[in-house]
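Data block below; observations after.
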Amino acid sequence: MAQLDTTRYDSIRRSVPLPHNGLAARQSAMESNQTYSAPLIEDERRDPAIKLGGADLSSMWLALIRQYIRGEPDGGLSACSQTAGAALITAEDCAARLADADRVFAEWLTPSGRSAAQVAGVGPARIAAALNHMHHESRCLTMCDDVLLDNVVALAREVIERRVPGDFIEAGAWRGGMTILMRAALTAFGDMNRTVWVADSFAGLPAPNPASDLRDAIWHHLMRAVGLLQSDLDAVRSAFARAGLLDRRVRFLAGWFADTLPDAPIERLALMRLDGDWYDSTRDALHALYPRLSPGGFVIVDDYGLPTGCARAVDEYRVQHGIDAPLVWVNQQAVYWRKPS
Ligand SMILES: C[S@@+](CC[C@H](N)C(=O)[O-])C[C@H]1O[C@@H](n2cnc3c(N)ncnc32)[C@H](O)[C@@H]1O
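If you want it as structure tokens, here you go:
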């Protein structure tokens, strides 16, 4: 990951008034150019009412973290676009990739008489738009928009305030932005104990088996254009550290979900966010994690509305386990439901 210029981010944080010893210590650490540590952040939360002149410092800080992970200029990370300068992916590029997919997947396509474009579910122009969003327009540490960020903050707050027991996890953390926001939400809403689990291959999207989900296999072929969304574990750690949020309450599960999640030392979850795109990835994460979700906890599925196998995995799991809790749409792509008490 490219080095990020956090100068402006730090200067905004310095301008936030500091009414409390814990915050003052953090400020002092920042000014002396040291990395401030989690105990200071937790210390500040022992006083839940960090308000000054009506301003809610927790909200302001959470807003800064959001800007940071989105790479917005006010977050001081305007220089963070890791793909800046890369050429736009055109509809013509995607038409060529689809033609290539017709050849590569002929064995599975021919019997059904369908083309790769038909199986992918969208045409070259929309594929180009989707790939460009991921590759060029996506912000620094997350490709999720404000509605999705709002959703995570709101559900995190709900489980913390209602004392639903358990940790938070994102399976499909990519560059870590959503998990940074989860860790920030713990602090902002006064939680002292939970862990945030950051699960990803850090090697990009796995190759789906075309016999099990041909649509995912074709999308995987198309997403070679965006490097299969490969991220880097050390860069994600650094991104946490730059926000002052890399501490013992952040734990990484690096590897394929099928290998890392079943035996992960997670006792209970209160919030699980699945963002692994494919049928297999979503199925593996649900099977390993949903049994550990506390009643009253939430599962968010980022890719339910995508033309991939994610929705099939969710629907199958819900039918198999008799889950009839209503699905709530967050936007046109993501859904969540609450595990009944
Ligand atoms: C769309 S990205 C996630 C975006 C991210 N949540 C955000 O905030 O922008 C999908 C991620 O899921 C990971 N992934 C998908 N399937 C996986 C699997 N079976 N095991 C491990 N990682 C997986 C990929 O490596 C990739 O980083």
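The sequence shown begins at 6 in the working numbering and counts up by one.
Backbone N, C-alpha and C define an ideal beta-carbon position, used for all residues, glycine too.
Residue i, DSSP secondary structure in three states
| i | result |
| --- | --- |
| W113 | helix |
| L210 | coil |
| E163 | helix |
| D98 | helix |
| F194 | coil |
| E175 | strand |
| R168 | coil |
| M277 | strand |
| D150 | coil |
| D354 | Summary: the structure shown does not reach residue 354, with the chain confined to residues 6 through 346, and so no result is reported for it. |
| D61 | strand |
| A269 | coil |
| P129 | helix |
| Q32 | Note that Q32 scores a pLDDT of 40, beneath 50, so its modelled location is shaky; the value from the coordinates is reported in the next line. Looking at Q32 - three-state DSSP - the assignment turns out to be helix. |
| Q72 | helix |
| Q235 | coil |
| A92 | coil |
| R108 | helix |
| S243 | helix |
| H326 | coil |
| S16 | In this predicted model, S16 has a pLDDT of only 44, less than 50, meaning its place in the structure is not dependable; the value taken from the coordinates is given anyway. Of the three classes helix, strand and coil, the one that applies to S16 here is helix, per DSSP. |
| S37 | Bear in mind that the predicted position of S37 carries a pLDDT of just 40, short of 50, making it too unreliable to give a figure here. |
| G249 | coil |
| D155 | helix |
| C315 | helix |
Residues that DSSP places opposite residue i in a beta bridge
| i | result |
| --- | --- |
| F257 | V203 |
| W342 | V304 |
| W334 | V340 |
| L298 | L274 |
Reference residue i, options the options, closest by Cα
| i | options | result |
| --- | --- | --- |
| I70 | N137, L191, A293 | L191 |
| P116 | L291, L219, A246 | L219 |
| S217 | R75, S286, V304, V306 | S286 |
| D155 | F262, N336, A122 | N336 |
| S236 | R119, R180, A193, A92 | R180 |
| A208 | A68, L160, F262, F173 | F262 |
| L67 | A248, H226, R343, V255 | A248 |
Cβ neighbours of residue i in the same chain (closer than 8 Å, five flanking residues each side left out)
| i | result |
| --- | --- |
| S346 | P300, G301 |
Close beta carbons around residue i, own chain, < 7 Å, minus the five adjacent residues each side
| i | result |
| --- | --- |
| G260 | S206 |
| Q39 | Low per-residue confidence applies at Q39: pLDDT is 36, beneath 50, and the placement is therefore not dependable, though the value from the model is reported in the following sentence. Contacts found: none. |
| D239 | none |
| V127 | P312 |
| R242 | L251 |
| P215 | F110, W113, A222 |
Cβ-based neighbour list, residue i, same chain, cut-off 6 Å, excluding 5 preceding and 5 following
| i | result |
| --- | --- |
| V124 | L219, R220, I223 |
| A275 | V164, V169, G171, S299, G302 |
| F257 | V203 |
| V306 | L279, V319, V340 |
| A43 | The predicted model places A43 with a pLDDT of 33, which falls under 50 and marks its position as unreliable, so this point remains unresolved. |
| C99 | P129, I132, A133 |
CB contact below 8 Å: residue i versus chain D
| i | result |
| --- | --- |
| L311 | No chain D appears in the structure shown, which is made up of a single protein chain. |
Check: If you pair each beta-carbon of the stretch 155 to 165 with each one of the stretch 124 to 135, do three or more pairs fall below 8 Å?
Finding: no
| Pairing CB atoms from the stretch 283 to 297 with CB atoms from the stretch 180 to 196, are three or more of them under 8 Å? | no
- Message: For the structure I just gave you, are there three or more beta carbon pairs, one from the stretch 307 to 324 and one from the stretch 262 to 276, closer than 8 Å?
- Response: no
Notebook entry, point to check: On the three-pair Cβ rule with 8 Å, is the stretch 198 to 214 touching the stretch 318 to 335?
Noted result: Counting C-beta pairs closer than 8 Å gives fewer than three between the stretch 198 to 214 and the stretch 318 to 335, which falls short of the contact rule.
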